[in-house]
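For what it's worth, my numbering labels the leading residue of the sequence shown as 5, then goes sequentially.
Just so you know, even glycine gets a beta-carbon here, dropped at the ideal spot from N, CA and C.
Please read these numbers as outputs of a predicted model, since none were measured by experiment.
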Amino acid sequence: RDNKKNRIIPRHVLLAIRNDEELGKLLAGVTIAHGGVLPNINPVLLPKKSNNAAKEPKSPSKATKSPKKA
């Protein structure tokens, strides 16, 4: 049985509205008390992905290591 009570808080309402296209247009100018803001990180601030790092593994492969002595 699930006896836990879940509540819809203003934050949940804000996230649902802003992530929905139609509701977002309808309530574009509305401020929801205690809703906070949408998380948004400017792409310029994110770390850059390089093609060289994806092609070359950082640690040497097991084939190039010398065999262990028994």
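Query - Contact under 7 Å by Cβ, Arg-2 with Gly-33 - result: In the structure as shown, the chain starts at 5 and stops at 74, and residue 2 therefore has no counterpart that could be examined.
Query raised in the report: Should Leu-18 go down as buried or exposed, given a rule of 16 or more other Cβ atoms within 10 Å for buried?
Result: The count along the sequence shown starts at 1 and reaches residue 18 at position 14. The residue in question, Leu-18, is buried, as its Cβ has 16 or more Cβ neighbours within 10 Å.
Query raised in the report: My guess is that Ile-21 and Gly-28 are in contact by the Cβ rule of under 8 Å, so how many angstroms apart are they, rounded?
Result: Position 17 of the sequence shown, counting from 1, holds the residue named residue 21. Position 24 of the sequence shown, counting from 1, holds the residue named residue 28. That pair is a contact at about 6 Å.
Query raised in the report: What are the boundary residues of the alpha helix (DSSP H) that Gly-28 is part of?
Result: As a working note, residue 28 is residue 24 in the sequence shown. Segment 25-30, the alpha helix (DSSP H) holding Gly-28.
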